[in-house]
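Enquirer:
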Amino acid sequence: MTTSSMTQKRALSRYATRSLGFFDSWASGASDVIVIDSTEMTEFGSPEQTPSLTGPRRTQRLGAYAVVVRDGALLLTKISPSGYPVGYWALPGGGVDHGEAPHDAVRRELYEETGLTASAVRLVDIHSLRVIDHGRHDAYEDYHGVHVLYAVTVEPGVEPRVVEVDGTTDEAAWVPLTDVAALSTLPVVDYVMERLADYTP
1 MTTSSMTQKR
11 ALSRYATRSL
21 GFFDSWASGA
31 SDVIVIDSTE
41 MTEFGSPEQT
51 PSLTGPRRTQ
61 RLGAYAVVVR
71 DGALLLTKIS
81 PSGYPVGYWA
91 LPGGGVDHGE
101 APHDAVRREL
111 YEETGLTASA
121 VRLVDIHSLR
131 VIDHGRHDAY
141 EDYHGVHVLY
151 AVTVEPGVEP
161 RVVEVDGTTD
171 EAAWVPLTDV
181 AALSTLPVVD
191 YVMERLADYT
201 P
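For what it's worth, UniProt numbering labels the leading residue of the sequence shown as 1, then goes sequentially.
1) Within 10 Å of its beta-carbon, does G72 have 16 or more other beta-carbons around it, so buried, or fewer, so exposed?
2) In terms of alpha-carbon separation, which member of G135, V68, D104 lies closest to D198?
3) Assuming D133 and R58 are in contact, meaning their beta carbons sit under 8 Å apart, how far apart are those beta carbons, in whole angstroms?
4) Going by beta carbon distance, what residues of the same chain come within less than 7 Å of L186, once the five residues before and after it are set aside?
5) According to DSSP, is T178 helix, strand or coil?
6) Quickly, what does DSSP pair V133 with across the bridge? List them, please.
7) How about R136 and Y84: are their beta carbons less than 7 Å apart?
8) Does the distance from the C-beta atom of S119 to that of T153 stay below 7 Å?
9) Can you give me the C-alpha to C-alpha distance between V121 and D138, rounded to a whole angstrom?
10) Please tell me whether residue 228 and A105 are closer than 7 Å, where the distance is taken between their beta carbons.
11) Have a look at the DSSP bridge pairing and note the partners of D173.
12) Count the other C-beta atoms from every protein chain shown that fall within 10 angstroms of the C-beta of A151, then say buried if there are 16 or more, exposed otherwise.
13) In three-state terms, what does DSSP make of V163?
14) For T200, which residues of its own chain have a beta-carbon under 8 Å away from its beta-carbon, when the five flanking residues on both sides are left out?
15) Give the DSSP-derived three-state secondary structure of G45 in the structure shown.
16) Using the DSSP secondary-structure output, state which residues sit across from L123 in a beta bridge.
17) Give me the Cβ distance between G94 and E109, rounded to the nearest whole Å; I'm assuming they're in contact under 8 Å.
18) Rounded to whole angstroms, what's the CA-CA distance from E171 to E113? Just pull it up for me.
19) With which residues is G94 paired in a DSSP beta bridge?
Here's what the structure looks like:
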C-alpha cells in the first residue's frame with residue numbers, strides 16, 4: 001500500500017468516526033448514520049473530495065418536529081405522493097423556513113399537517129440523520145437531516161385533520177403507542193419512541 005493510500009485511509013477513518021457521527025452514535029445514541037452505498041465515498045474519500053460528476057448530491061435540511069402524546073397515543077402524519085418516502089408515517093413537522101425560528105416552525109407545521117394548535121411547546125432534543133443512497137426520483141444523494149424535537153401539548157377535544165392542500169401530508173392520526181412499531185415509520189419516530197419518557201410529564 002502506498003503512503004498516499006495509507007494517508008487517505010487514515011483520513012477516511014477519522015472522517016467516518018467524527019464527521020459521519022459514528023462516535024456520537026456510539027457514545028450517546030443521539031445520531032443515526034445510514035450508508036447504503038459507500039462506493040463513491042470509499043474510492044474518493046470524504047464527500048467534500050468526491051468529484052461532483054460522480055459523487056452524490058449533498059443536501060442538508062433543518063426541520064422542527066412535534067412529539068404529541070395523549071391518552072396513550074402518538075400523533076403521526078402519513079406522507080403523501082407529493083413527499084418522500086410515500087406512505088411512511090412521520091412526526092408532524094417539516095422544514096424551517098429562512099429567517100424562521102424553529103419554535104415558530106413547529107407550531108406552523110403542526111397546524112398545517114394536523115389542524116391542531118399548540119398550547120405549549122418545549123424543546124427536548126436534536127436528532128441527526130445522514131443517508132447516502134439513491135432517493136427521490138432515483139437521485140444519488142448525501143442527505144443530512146437535522147431534526148429539532150419538541151414536546152408539544154395541543155388543545156383537548158379536537159381531532160386531527162390535514163389543513164394544507166396538495167402538501168406532503170395526506171393523513172393525520174392518533175396512533176396507539178402499542179401500534180407504532182407495526183407501521184412503516186421514519187427513523188426519527190423510532191428515535192423518539194426509544195426516549196418517549198423525555199416528552200411526557
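Don't be surprised by glycine CBs; every beta carbon is placed ideally from N, CA and C.
Expert: Taking the structure as given:
1) Position 72 of the sequence shown holds residue 72. So G72 ends up on the exposed side.
2) Translated into positions along the sequence shown, residue 198 becomes position 198. The residue with the shortest Cα to Cα distance from D198 is V68.
3) As a first step, residue 133 is located in the sequence shown; it is residue number 133 there, counting from the start. As a first step, residue 58 is located in the sequence shown; it is residue number 58 there, counting from the start. 13 Å between Cβ atoms; not a contact.
4) The sequence position of residue 186 within the sequence shown is 186, counting from 1. Counting only Cβ-Cβ distances below 7 Å, and skipping sequence neighbours, we find Y88, A90.
5) Indexing the sequence shown from 1 puts residue 178 at position 178. T178: helix per DSSP, three-state reduction.
6) As a position in the sequence shown, residue 133 is number 133, starting the count at 1. Reading off the sequence shown, one finds Asp at residue 133, where the question assumed Val. The partner list for D133 (beta bridge, DSSP) reads E141.
7) For this step, residue 136 is matched to residue 136 along the sequence shown. For this step, residue 84 is matched to residue 84 along the sequence shown. Yes, Cβ-Cβ distance for R136 and Y84 is below 7 Å.
8) On the sequence shown, residue 119 is found 119 positions in, with the first residue counted as 1. On the sequence shown, residue 153 is found 153 positions in, with the first residue counted as 1. Yes, they are a contact pair.
9) Position 121 of the sequence shown, counted from the start, is the residue given in the question as residue 121. Position 138 of the sequence shown, counted from the start, is the residue given in the question as residue 138. Each residue's alpha carbon lies about 37 Å from the other.
10) It is not possible to answer for residue 228, since the shown part of the chain is limited to 1 through 201.
11) By 1-based counting over the sequence shown, the position of residue 173 is 173. As written in the sequence, residue 173 is Ala, which differs from the Asp given in the question. A173 pairs with L76.
12) Counted from its first residue, the sequence shown places residue 151 at position 151. Buried: at least 16 other Cβ atoms inside 10 Å.
13) Along the sequence shown, one-based indexing puts residue 163 at 163. Reduced to three states, the DSSP call for V163 is coil.
14) In the sequence shown, residue 200 corresponds to position 200, counting from 1. If we look at T200 and ignore the five residues flanking it on each side, its Cβ neighbours are V69, A151.
15) Residue 45 sits at position 45 when you count from the first residue of the sequence shown. Residue placement at G45 cannot be trusted, given a pLDDT of 43 that sits under 50; what the coordinates show is reported in the next sentence. Three-state result, G45: coil.
16) As a position in the sequence shown, residue 123 is number 123, starting the count at 1. Y150, per the DSSP bridge assignment.
17) On the sequence shown, position 94 is the one that residue 94 refers to. On the sequence shown, position 109 is the one that residue 109 refers to. Indeed, because the Cβ distance is near 4 Å, the residues count as touching under 8 Å.
18) Translated into the one-based positions of the sequence shown, residue 171 becomes position 171. Translated into the one-based positions of the sequence shown, residue 113 becomes position 113. C-alpha separation (whole angstroms): 8 Å.
19) In the sequence shown, residue 94 corresponds to position 94, counting from 1. The partner list for G94 (beta bridge, DSSP) reads A64.
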